[in-house]
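Student: My questions all concern the structure below.
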Ligand code: 2P0
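Structure follows, in C-alpha cells:
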C-alpha cells in the first residue's frame with residue numbers, strides 16, 4: 033500500500049492544445065506555480081482479490097467509464113496483471129477549474145511508481161504522467177514548474193529554482209463541476225479557432241518572457257505576462273466556430289476589481305483557467321488589501337489564499 037500527496041498548480045503560461053492527441057504532446061510549453069492549500073491524497077494498494085481496478089474518489093466508487101480511464105493510466109505501471117484499489121481525495125472542488133486533474137494524476141503516478149517498484153525519477157515520471165493529464169506533469173514539482181513541448185522523449189516537466197514572495201488569491205465564483213472539460217474544449221479550439229495559430233505564436237513569446245521574469249523575480253512582469261496569456265487563451269475559445277466562454281459576470285467583476293486595485297498602487301494581476309474562477313496574483317504585503325476588497329464581491333468561504341506549495345511526495 034502506498035500513499036502519495038500532490039498539489040495542484042495554476043499555469044501562468046497556459047497549456048492549451050495538443051499537437052499529438054495520443055502522445056499528449058502540447059503545441060506550446062507552459063509554466064505554472066504549484067499551490068500549497070490545493071492537493072490530492074491518493075492511496076494505491078495491489079489487491080489479488082480484485083478482477084479489475086477499483087477507483088474511489090472523495091469516498092464515492094467511480095463508474096466503469098471513470099475507472100477505465102484510470103485503468104488505462106495504471107497500465108503504464110502495472111506488473112503481472114495485478115489490479116489495484118485506488119482511493120483518492122481532494123482538498124478542494126473537483127473539476128471546477130482548480131486543476132484537480134493535475135494534482136490527481138501527479139499523486140496517482142507518484143503512488144504507482146512506488147507501489148510497482150519502478151523507481152523512476154520525477155523527471156522520468158512526468159513523461160508518463162503527461163499521458164494521464166498534461167497539466168499533471170507540472171504538479172510533480174514544487175514552486176515554479178515548466179512542462180516543455182517536444183516529442184515523446186523530450187516533453188516532460190521540471191522545476192525552476194526561483195523562490196519569491198508570490199501569493200495567489202483564488203476567487204471561487206463557481207465550484208460546480210464544469211460542463212465543458214478543458215480536454216474537449218482545447219481539442220475543439222485546435223480544430224476550429226480562427227485564432228489558434230496566433231495563440232501558438234504569442235504563447236511561445238510569452239513563455240520566453242515569463243522565464244526571464246521568473247528568473248528575475250519580477251512580480252509585476254510575471255503578472256502582466258500571465259494576464260495577457262490567459263486572456264489570449266480565452267480569446268481562442270471566442271473565435272471557435274461555435275463561440276464559447278468560461279467567464280461569468282462575476283468573473284468580469286473580479287477582473288475589473290483587479291484593474292482598480294492596480295490603479296490604487298496595489299500589486300494585483302489575474303489569471304483564469306478552463307472555468308469561471310479568477311486567480312489573483314499578489315504578494316504577502318498586499319494580500320490583505322486584495323482580500324478586503326474582494327470580500328465585498330465574494331463570500332469569505334469562496335476566497336482561498338494560496339502560497340507556493342511543494343512537489344509530490346510519498347507520505
Ligand atoms: C493549464 N489547463 O495549463 C491549462 C490552462 C486549463 C487551462 O491544463 O487533456 O486537464 O488532461 O491534458 O491538463 C487543463 O487541462 O488536460 C489545463 P488534459 P488538462 O493548466
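Residue numbers (my numbering): 33 to 347.
No residue lacks a Cβ here, since even glycine has one placed at the ideal position from N, Cα and C.
From the DSSP output, read off the bridge partner residues of residue 304.
Tutor: Locating residue 304 in the chain shown gives position 272, where the first residue counts as 1. Answer is 310.
Student: Along the chain, which unbroken stretches of the alpha helix (DSSP H) at least 4 residues long are found entirely within the segment 139 to 195?
Tutor: 154 to 161 and 168 to 171
Student: Please confirm whether any heavy atom of the ligand 2P0 lies closer than 6 Å to the CB of residue 139.
Tutor: What you label residue 139 is simply residue 107 of the chain shown in a count that begins at 1. Outside the cutoff, so no.
Student: Taking the alpha helix (DSSP H) that residue 106 falls in, what are its first and last residues?
Tutor: Residue mapping note: residue 106 aligns to position 74 of the chain shown, counting from 1. First-last of the alpha helix (DSSP H) with residue 106: 96 to 106.
Student: To which residues of the same chain is residue 266 closer than 8 Å at the C-beta, ignoring the five residues directly before and after it?
Tutor: Within the chain shown, numbered from 1, the residue matching residue 266 stands at position 234. The residues are 277, 278, 279 and 304.
Student: Tell me, please, whether the segment 106 to 122 touches the segment 76 to 88 by the rule of three or more beta-carbon pairs shorter than 8 Å.
Tutor: The segment 106 to 122 is in contact with the segment 76 to 88.
Student: Distance, Cα to Cα, residue 75 vs residue 182?
Tutor: On the chain shown, residue 75 is found 43 positions in, with the first residue counted as 1. On the chain shown, residue 182 is found 150 positions in, with the first residue counted as 1. Taking the straight line from one Cα to the other gives about 31 Å.
Student: Looking only at C-alpha atoms, which of 135, 298, 324 and 327 sits nearest to residue 314?
Tutor: Taking the first residue of the chain shown as 1, we reach residue 314 at position 282. Cα-wise, what sits closest to residue 314 is 298.
Student: Note down, in chain order, each residue of its chain lying with its Cβ closer than 8 Å to the Cβ of residue 91, except the 5 sequence neighbours on either side.
Tutor: Indexing the chain shown from 1 puts residue 91 at position 59. Around residue 91: 121.
Student: Residues in its own chain within less than 7 Å of residue 220 by CB, not counting five upstream and five downstream?
Tutor: As a first step, residue 220 is located in the chain shown; it is residue number 188 there, counting from the start. Here the set comprises 272.
Student: Should residue 214 be counted as a contact of the ligand 2P0 given a C-beta to heavy atom distance under 6 Å?
Tutor: Your numbering for residue 214 matches position 182 in the chain shown. Because some heavy atom of the ligand 2P0 lies under 6 Å away, the Cβ of residue 214 counts as near it: yes.
Student: When you compare each of 308, 269 and 212 to residue 224 by their alpha carbons, which one comes out closest?
Tutor: The residue you call residue 224 lines up with position 192 of the chain shown. With distances taken between Cα atoms, residue 224 lies closest to 269.
Student: Could you check if residue 166 belongs to the surroundings of the ligand 2P0, using beta carbon to heavy atom distance under 6 Å?
Tutor: Residue mapping note: residue 166 aligns to position 134 of the chain shown, counting from 1. Residue 166: yes, Cβ under 6 Å from the ligand 2P0.
Student: So for residue 137, helix, strand or coil by DSSP?
Tutor: The residue labelled residue 137 in the question sits at position 105 within the chain shown. Note: residue 137 maps to helix in three-state DSSP.
Student: Do residue 66 and residue 174 count as a contact pair if the criterion is CB distance below 7 Å?
Tutor: Counting from one through the chain shown, the residue named residue 174 turns up at place 142. Counting from one through the chain shown, the residue named residue 66 turns up at place 34. Cβ distance < 7 Å, so residue 174 and residue 66 count as in contact.
Student: Would you kindly work out how many angstroms separate the C-alpha atoms of residue 195 and residue 98, rounded to a whole number?
Tutor: For the purposes of this step, residue 195 is identified with residue 163 of the chain shown, where counting begins at 1. For the purposes of this step, residue 98 is identified with residue 66 of the chain shown, where counting begins at 1. Approximately 37 Å between the Cα atoms of the pair.
Student: Report buried or exposed for residue 64, applying the criterion of at least 16 other Cβ atoms within 10 angstroms of its Cβ.
Tutor: One-based indexing of the chain shown puts residue 64 at position 32. Residue 64 is buried by the Cβ-count criterion.
Student: Can you pull the DSSP bridge partners for residue 117?
Tutor: Counting from 1 along the chain shown, the entry for residue 117 is found at position 85. Answer is 77 and 86.
Student: From the DSSP output, in three-state form, read off residue 321 for me.
Tutor: Along the chain shown, read from residue 1 onward, the residue named residue 321 stands at position 289. Residue 321: helix per DSSP, three-state reduction.
Student: Just reading off the alpha helix (DSSP H) that residue 246 is part of, what are its end residues?
Tutor: Position 214 of the chain shown, counted from the start, is the residue given in the question as residue 246. Where residue 246 is concerned, the enclosing alpha helix (DSSP H) starts and stops at 228 to 247.
Student: Just to confirm, does residue 47 get its C-beta within under 6 Å of one of the non-hydrogen atoms of the ligand 2P0?
Tutor: Start at 1 with the first residue of the chain shown, and residue 47 comes out as number 15. At least one heavy atom of the ligand 2P0 sits closer than 6 Å to the Cβ of residue 47.
Student: Residue 67 bridges to which residues according to DSSP?
Tutor: Along the chain shown, read from residue 1 onward, the residue named residue 67 stands at position 35. Listed as beta-bridge partners of residue 67 by DSSP are 340.
Student: Roughly how many angstroms separate the alpha carbons of residue 162 and residue 144, rounded to a whole number?
Tutor: Locating residue 162 in the chain shown gives position 130, where the first residue counts as 1. Locating residue 144 in the chain shown gives position 112, where the first residue counts as 1. Taking the straight line joining both Cα atoms gives about 14 Å.
Student: DSSP on residue 281, reduced to helix/strand/coil?
Tutor: One-based indexing of the chain shown puts residue 281 at position 249. When secondary structure is reduced to three states using DSSP, residue 281 falls in the helix class.
Student: Report yes if the CB atom of residue 34 is closer than 7 Å to the CB atom of residue 146, and no otherwise.
Tutor: Locating residue 34 in the chain shown gives position 2, counting from the first residue. Locating residue 146 in the chain shown gives position 114, counting from the first residue. Cβ distance < 7 Å, so residue 34 and residue 146 count as in contact.
Student: Is it a yes or a no for the segment 330 to 338 touching the segment 228 to 240, going by three-plus beta-carbon pairs under 8 Å?
Tutor: Output reads no: the segment 228 to 240 does not touch the segment 330 to 338.
Student: What I want to know is whether the C-beta of residue 206 ends up closer than 6 Å to one or more non-hydrogen atoms of the ligand 2P0.
Tutor: Working through the chain shown from its first residue, we reach residue 206 at position 174. Residue 206 Cβ: outside cutoff for every heavy atom of the ligand 2P0.
Student: Is it true that the CB of residue 168 sits closer than 7 Å to the CB of residue 138?
Tutor: Residue mapping note: residue 138 aligns to position 106 of the chain shown, counting from 1. Residue mapping note: residue 168 aligns to position 136 of the chain shown, counting from 1. Cβ atoms of residue 138 and residue 168: closer than 7 Å.
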